[in-house]
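So the numbering used here is basically just the index in the sequence shown, starting at one, shifted up by 907.
Structure record follows, encoded as structure tokens.
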Amino acid sequence: MSEVDEAIKTIPEPDAILKEAIKSLKLDKVSSEEIAKNFEQLIKDVESTAFKIYKEHEARAFKKLAELWSNNRKEWISKTLKERGEEGIKDIISEFVEPIREMEFRAGQMRKVRGGKTFEQAVKVLLNLAGVPCEEPHKETKKILKRIDLVSPDAETAKQTPDKAIFIATKRTLRERWKQVVPEHMKSARLYLVTINGKLPEEKAKEIKETGMIVYVRDELKEQPHLKDKPWVRKLSNLPKDIKNTVPKPKQIKLG
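In structure tokens:
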């Protein structure tokens, strides 16, 4: 394993960072009603906190790289400094430039990939904290609906009785691939597209309607004149309530 690989490995997985963010914001101690009431703002808070935590871990990973690189070259560094003095410092820095470049490139790629995953996980965790059960779909469901990230109330319901489930695609922006081809036997499925950034032009709003999807956008975006009267374009803050009102409630088991 290269020194860059070893350093990169010290950065926790997205779900672990998200748990740190939830704990940092003390959201595990907030009532489900409060979570639902402030859903849009809390997604923003969780995302920004998770990114801040990620950057802290990333900074530590860069320090780890410097530590590994220098420890593995102690003799050469000592010899270079002894023989070349100030010029030796330049030689050492020049040698360290390449692993730093590789680390920066890979960290940048990681940030891009993790951005979408963090948003997806934030939606999942906050919906559950708001009293709205949801989870990742089964592999079989993903094969049919490739763009779907989450299902409510659960993966089994989505697989066995799709007409009783909600299928959720999460996209940080609508520049990402969002179009979902729906097979004939799934035409009754309810598809929600959840996004947090970017614009929604008239043409794209019409495209979304044609797919049969309902899109959730920032509250302020929904207030724009060309979106106000489009019922398939909804406020992100209404997502928990809408799912609660749509998904059948679990059957109550009578005891005794």
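Where a beta carbon is used, it is the ideal one built from N, C-alpha and C, also for glycine.
Would residue i and residue j be called neighbours here (beta carbons separated by less than 8 Å)?
{"i": "Lys1078", "j": "Leu1057", "result": "no"}
{"i": "Ala957", "j": "Ile924", "result": "yes"}
{"i": "Gly1038", "j": "Ala943", "result": "yes"}
{"i": "Leu972", "j": "Met1017", "result": "no"}
{"i": "Glu947", "j": "Asp1126", "result": "yes"}
{"i": "Pro1069", "j": "Ala1096", "result": "yes"}
{"i": "Lys901", "j": "Thr1048", "result": "In this structure the chain extends from 908 to 1163, so residue 901 is not present and cannot be described."}
State buried or exposed for residue i, treating a residue as buried only when at least 16 other CB atoms are found within 10 Å of its CB.
{"i": "Gln1028", "result": "buried"}
{"i": "Ile1075", "result": "buried"}
{"i": "Trp983", "result": "exposed"}
{"i": "Ser1144", "result": "buried"}
{"i": "Ala966", "result": "exposed"}
{"i": "Ile918", "result": "buried"}
{"i": "Arg1141", "result": "buried"}
{"i": "Lys1031", "result": "buried"}
{"i": "Lys1106", "result": "exposed"}
{"i": "Ile996", "result": "exposed"}
Figure out for me which residue from the options has the closest Cα to the Cα of residue i.
{"i": "Pro1044", "options": "Thr1064, Asn1035, Gly1038, Val1030", "result": "Thr1064"}
{"i": "Leu932", "options": "Ala943, Ala1096, Leu949, Tyr961", "result": "Leu949"}
{"i": "Ile1121", "options": "Val1154, Pro1132, Ile1073", "result": "Ile1073"}
{"i": "Glu974", "options": "Glu993, Thr1118, Val911, Leu1033", "result": "Val911"}
{"i": "Lys930", "options": "Leu1033, Leu1098, Glu1114", "result": "Leu1033"}
{"i": "Ser955", "options": "Arg1021, Gly992, Glu1011, Glu1009", "result": "Arg1021"}
{"i": "Gly1119", "options": "Ile1103, Leu1098, Phe946", "result": "Leu1098"}
Using the C-alpha atoms, what's the distance from residue j back to residue i?
{"i": "Arg1013", "j": "Lys1019", "result": "10 Å"}
{"i": "Glu963", "j": "Glu1002", "result": "25 Å"}
{"i": "Lys1158", "j": "Pro1108", "result": "Its pLDDT being 49, under 50, Lys1158 is placed unreliably in this model, and the value from its coordinates should be taken loosely. Answer to the nearest angstrom: the Cα atoms are 42 Å apart."}
{"i": "Thr987", "j": "Lys981", "result": "10 Å"}
{"i": "Pro921", "j": "Lys959", "result": "12 Å"}
Which whole-angstrom value describes the C-beta separation of residue i and residue j, a residue pair presumed to lie in contact below a C-beta threshold of 8 Å?
{"i": "Lys1137", "j": "Ala1112", "result": "6 Å"}
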